[in-house]
Amino acid sequence: MTNVITDQGNWERRWHPLLSQWVVVAARTGNRPWNGATVGEESDAVVTSAHDKSCHLCAGNTRSNGEINPDYTGPWAFNNDYASFAPDAPSFENENNNNPLHRRDSNQGHCRVLCWTERHDQTLASISTDNMLAVGQLWQNEYNTLSQDPEISQVLIFENKGQEIGVSNPHPHGQIYATSFVGDSFERARKAQAEWARDNSSVMLLDLIAREEYQYSLKVSETDHFMAIVPYFARFAYECWIIPKAAAKHIGDMSDAQRDDLALLYQKMAKTYNVLFQRESPNISLMYNAPCDTHQDNQHWQFHFVMQPPLREPDKLKYLAGFESGTANIVNPVQPEAAAQRLREAFKSAETNT
1 MTNVITDQGN
11 WERRWHPLLS
21 QWVVVAARTG
31 NRPWNGATVG
41 EESDAVVTSA
51 HDKSCHLCAG
61 NTRSNGEINP
71 DYTGPWAFNN
81 DYASFAPDAP
91 SFENENNNNP
101 LHRRDSNQGH
111 CRVLCWTERH
121 DQTLASISTD
131 NMLAVGQLWQ
141 NEYNTLSQDP
151 EISQVLIFEN
161 KGQEIGVSNP
171 HPHGQIYATS
181 FVGDSFERAR
191 KAQAEWARDN
201 SSVMLLDLIA
211 REEYQYSLKV
221 SETDHFMAIV
231 PYFARFAYEC
241 WIIPKAAAKH
251 IGDMSDAQRD
261 DLALLYQKMA
271 KTYNVLFQRE
281 SPNISLMYNA
291 PCDTHQDNQH
301 WQFHFVMQPP
311 LREPDKLKYL
321 AGFESGTANI
331 VNPVQPEAAA
341 QRLREAFKSA
351 ETNT
């Protein structure tokens with residue numbers, strides 16, 4: 001092969017003229033060390049060692065960039081060595097970006113890695129209560145710090161869990177992408193919630209959980225401060241949303257009691273999925289905090305924490321194949337009311353066994 005173009009690791013966004021959305025180009029991420037599953041590999045997903053000397057996230061180990069992790073206990077956060085966004089990403093403001101067929105913009109932001117625990121063999125479902133409460137405090141502290149950066153418009157806290165998701169390292173961890181722009185789904189959610197507030201003088205998601213079906217057929221569990229529900233419009237088979245019962249735009253709005261309640265309910269839901277699927281469940285978890293730019297419609301946002309396991313059955317994945325990839329319309333193979341019933345039963349079983 002000749003004329004090979006080498007990835008320089010620059011960060012940029014390129015405009016997709018058909019979809020009218022940005023595509024993030026972050027070639028540097030392709031160089032990150034890979035301890036996850038590979039195509040064609042039969043991998044044992046069970047991690048049994050409390051510390052793995054080859055793991056770049058374990059306490060006291062040396063990462064691929066030569067930095068040595070502290071001998072931390074509990075949760076610990078650091079800047080991602082192979083970030084998709086960076087505060088020093090190149091600026092393209094001097095370029096002529098008026099042509100939508102060849103337009104790009106800066107990819108500024110911060111990427112953080114959140115190690116939930118020093119234990120390589122644990123997950124958020126299995127760590128101690130004190131450790132889980134510390135994770136909740138880490139979520140809140142990180143959000144409060146990053147959202148104060150005037151260059152940041154959105155702080156997305158998330159976890160990719162399990163080899164089925166394509167996680168690069170099995171050590172229990174999540175991530176934060178704090179970006180200089182608001183993502184497409186956040187833009188749509190912000191617009192929808194603002195329009196609802198103007199038309200109804202109320203908060204959309206509070207009105208949603210007040211409906212009768214969310215008190216019964218679509219409710220998984222309820223605490224003093226939160227409800228765990230399966231949305232009537234769930235896109236994934238066993239999708240669950242955790243929604244505050246009072247107005248809260250983001251995790252920074254929450255009292256210590258609310259934050260702790262959120263963390264423990266999230267942990268119970270993680271255990272619930274393990275019971276439901278009778279295995280360590282893979283999951284994508286997304287914390288939908290309000291955008292932190294100066295847009296006036298942010299005031300109408302309601303916090304929600306979304307869990308989307310990719311399993312439809314213990315041994316079957318839900319793939320986004322031709323129709324869904326082509327149209328962006330998801331086909332859910334499970335009736336949401338049936339999913340909620342199964343999750344309620346699994347939740348009770350998880351509580352009994354803990």
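Read in the working numbering, the sequence shown has 132 at position 132, and its numbers run on one by one without any break. By construction, the Cβ of each residue, glycine as well, lies at the ideal position given by its N, Cα and C atoms.
- The three-state secondary structure of S106, taken from DSSP, is strand.
- Counting along the chain, P336 sits inside the alpha helix (DSSP H) bounded by residues 336-352.
- Listed as beta-bridge partners of I229 by DSSP are K219, W241.
- Secondary-structure assignment with DSSP links R14 through a beta bridge to V23, R104.
- By the CB criterion at 7 Å, K249 and W301 fall inside the cutoff.
- The segment 220-237 makes contact with the segment 305-319: 3 or more CB pairs, one atom from each, lie closer than 8 Å.
- Beta-bridge annotation (DSSP): G174 is paired with L114.
- D224 and I243 have their C-alpha atoms spaced approximately 12 Å apart.
- By the criterion of a C-beta distance shorter than 6 Å, A178 is surrounded in its chain by G109, H110, L146, I152, V155, once the five residues flanking it on both sides are discounted.
- Fewer than three beta-carbon pairs drawn from the segment 260-268 and the segment 324-339 are found closer than 8 Å, and the two stretches are therefore not classed as touching.
- Judged by their CB atoms, V220 and A340 are nearer to each other than the 7 Å cut-off.
- A contact is defined here as three or more CB-CB pairs under 8 Å, and the segment 114-123 meets this definition with respect to the segment 51-60.
- Closest in C-alpha terms to N107, from the list W22, P333, W139, G322, comes W22.
- For L311, the enclosing beta strand (DSSP E) stretches over residues 311-313.
- The beta-carbon distance between G174 and F158, rounded to whole angstroms, is 6 Å. This is short enough to meet the 8 Å contact definition.
- Taking one beta carbon from each stretch, the segment 286-298 and the segment 182-196 have 3 or more pairs nearer than 8 Å; the two touch.
- Counted as a single uninterrupted DSSP element, the beta strand (DSSP E) harbouring S285 occupies residues 283-288.
- When rounded, the separation of the alpha-carbon atoms in P282 and E164 is 7 Å.
- Close CB contacts of Y214 within its chain, under the 6 Å cut and outside five residues either way in sequence, are with I229 (chain order).
- Under the three-state reduction of DSSP, V182 is assigned to coil, being neither helix nor strand.
- Apart from the 5 residues on each side of it in sequence, F78 sits with its Cβ closer than 6 Å to the Cβ of V113 in its chain, given in chain order.
- Between the segment 10-18 and the segment 94-103, the count of Cβ pairs shorter than 8 Å is three or higher; the stretches touch.
- Excluding five sequence positions before and after E337, the CB atoms of its chain that fall closer than 7 Å to its own CB belong to S217, L218, given in chain order.
- For K268, the uninterrupted alpha helix (DSSP H) segment begins and ends at 256-277.
- I330 is bridged by DSSP to nothing; it lacks a bridge partner.
- Approximately 11 Å separates the beta-carbon atoms of R312 and V331; this is outside 8 Å, ruling out the contact.
- By the C-beta density criterion, S255 is exposed, having fewer than 16 other C-beta atoms within 10 angstroms.
- The Cβ atoms of G252 and N144 sit closer than 7 Å to each other.
- In the structure shown, the three-state DSSP call for L320 is coil.
- Judged by DSSP in its simplified three-state form, N200 adopts helix.
- Annotated as proximal: S49 and D121, with beta-carbon spacing under 7 Å.
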